[in-house]
Amino acid sequence: MAGKGPKDYDDLIVYFEGDYVPWNDAKVHVFAPAVKYGAGIFEGIRGYWSETQGKMLIFRLPEHLARLEYSQKVMRFDRIFRADDVAGPLLEMMRRNKFDQHVHIRPTVYVDGDGEAGSEGPVDVSITAVRRPKKAFTETGCKVQVSSWQRLADMAMPTRVKANANYNNSRMASLQAKNDGYDTALMLNANGHVSEGPGMCFFMIRNGVPITPSITSNILESVTRATVMELLNDEMSLQTVEREVDRSELYAAEEAFFCGTAWEITPVTHIDGLAVGNGEIGPITAKLRDTYFDIAMGAVPDTRGWITEV
Ligand SMILES: Cc1ncc(COP(=O)(O)O)c(C=O)c1O
Numbered sequence: 070m071a072g073k074g075p076k077d078y079d080d081l082i083v084y085f086e087g088d089y090v091p092w093n094d095a096k097v098h099v100f101a102p103a104v105k106y107g108a109g110i111f112e113g114i115r116g117y118w119s120e121t122q123g124k125m126l127i128f129r130l131p132e133h134l135a136r137l138e139y140s141q142k143v144m145r146f147d148r149i150f151r152a153d154d155v156a157g158p159l160l161e162m163m164r165r166n167k168f169d170q171h172v173h174i175r176p177t178v179y180v181d182g183d184g185e186a187g188s189e190g191p192v193d194v195s196i197t198a199v200r201r202p203k204k205a206f207t208e209t210g211c212k213v214q215v216s217s218w219q220r221l222a223d224m225a226m227p228t229r230v231k232a233n234a235n236y237n238n239s240r241m242a243s244l245q246a247k248n249d250g251y252d253t254a255l256m257l258n259a260n261g262h263v264s265e266g267p268g269m270c271f272f273m274i275r276n277g278v279p280i281t282p283s284i285t286s287n288i289l290e291s292v293t294r295a296t297v298m299e300l301l302n303d304e305m306s307l308q309t310v311e312r313e314v315d316r317s318e319l320y321a322a323e324e325a326f327f328c329g330t331a332w333e334i335t336p337v338t339h340i341d342g343l344a345v346g347n348g349e350i351g352p353i354t355a356k357l358r359d360t361y362f363d364i365a366m367g368a369v370p371d372t373r374g375w376i377t378e379v
């Protein structure tokens, strides 16, 4: 039977509830709490194809699978898929797909069955991977709108959890930004401080110092954010300050960038129509971006154990 998915995906194999199945056979019923209430959690993980090594390199897999476990615990699922349970099927799914391009890998753990919003099971897992080149904005930079949609509050939804339902917040901010002619959004939290983008964390450089909103700013505790702080320190001798950031500080920044698995290191050239610095990609951002890609794509040795080969 023909699926609803784009043609590009038709040849792919999905790990689905204990089996490896064709893309179009990985289906959940419309009555499942996963569909009715967004009762699911997920991870986004990058696999980079190294031409020179002829290998697929997965970036920071253990850290993503640890967060997947944490997300399930917080959402009170009655069965927890541990990192060790997920790693094997994820790698086998990757091998079966025989990718030779960069990919985005997505394990999703969700509540199936026919329960209501409070149901804790039955819980199952699926893992997809789709071909995805690096983001074009990493080269061009992006123009950002400070959203009038507030970032979720941790008192309303667990912001550290990669819960599917949380992404309706991201969706509103992204759609507003696009509708108003910007590339993407930056959200403030309920206290009026800068939080994060719809799927990525935020850094700015002021007086040569990297600054990023603290982990108590209602952000997702991002794997890439931790990566960036380590690289700025190790490779550029720059120590990041984690603190609250006011909106008006954004307009004083010399450089700014987003970071995240999907957004990689994306320079921010304009905020609310005002140039960040001179409106060009700044030198710290450019060097960080290039260092990040060199490591993730295997152009330089992985001295930190961040890469899992398929
Ligand atoms: C809301 C949100 N913030 C930040 C990030 C960045 O997190 P990570 O670096 O772990 O991918 C993501 C996911 O990519 C996200 O969805």
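70 is the number of the first residue of the sequence shown in the working numbering; add one for each residue after it.
For glycine and all other residues, C-beta sits at the position ideal for the given N, C-alpha and C.
For this session: May I ask whether a heavy atom of ligand 1 can be found less than 8 Å away from the beta carbon of I340?
Result: In this structure, I340 has its CB at a distance of at least 8 Å from all heavy atoms of ligand 1.
Exercise. Can you find a heavy atom of ligand 1 that lies under 8 Å from the Cβ of H133?
Worked result: At least one heavy atom of ligand 1 sits closer than 8 Å to the Cβ of H133.
For this session: Using beta-carbon positions only, say whether G182 and A101 come within less than 9 Å of one another.
Result: At a Cβ-Cβ threshold of 9 Å, G182 and A101 count as neighbours.
Exercise. Can we count K109 as close to ligand 1, meaning its CB is less than 8 Å from some heavy atom?
Worked result: Rather than Lys, the amino acid found at residue 109 in this sequence is Gly. No, Cβ of G109 sits at least 8 Å from all heavy atoms of ligand 1.
Exercise. What residue does the beta strand (DSSP E) around Q245 start on, and which one ends it?
Worked result: For Q245, there is no enclosing beta strand (DSSP E); the residue is found in the alpha helix (DSSP H) stretching over 236–248.
Exercise. Does the Cβ of L343 have 16 or more other Cβ atoms within 10 Å, making it buried, or fewer, making it exposed?
Worked result: Per the 10 Å Cβ criterion, exposed.
Exercise. Under the criterion of a Cβ to heavy atom distance below 8 Å, does P267 qualify as lining ligand 1?
Worked result: True, at least one ligand heavy atom lies under 8 Å from that Cβ.
Exercise. DSSP puts E265 in a beta bridge; with which residues?
Worked result: According to DSSP, which records beta bridges pairwise, E265 is partnered with M256.
Problem set entry | Neighbourhood of V292 by C-beta, 8 Å cutoff - its chain only, sequence neighbours within 5 removed | Within the same chain, R129, E132, H133, R136, T330 come within 8 Å of V292 by CB-CB distance, once the 5 residues on both sides are set aside.
Exercise. Would you say N235 touches ligand 1, meaning its beta carbon is less than 8 Å from a heavy atom?
Worked result: Flag set: Cβ of N235 near ligand 1.
For this session: For the beta strand (DSSP E) holding A325, just list the boundary residues, first then last.
Result: Taken as a continuous stretch (DSSP letters only), the beta strand (DSSP E) holding A325 covers 324–329.
Exercise. So, helix, strand or coil for P175, using DSSP?
Worked result: Per the sequence presented here, residue 175 reads as Arg, with Pro not at that position. Annotated three-state conformation of R175 is strand, per DSSP.
For this session: Please work out which residues of its chain come closer than 7 Å, Cβ to Cβ, to R201, disregarding the five sequence neighbours upstream and downstream, and give them in chain order.
Result: Once the five neighbours on either side are set aside, the close Cβ partners of R201 are H171, V172, H173.
For this session: Go through its chain and collect everything with a Cβ distance to L319's Cβ below 6 Å, but skip five positions before and after it.
Result: These residues qualify, in order along the chain: I340.
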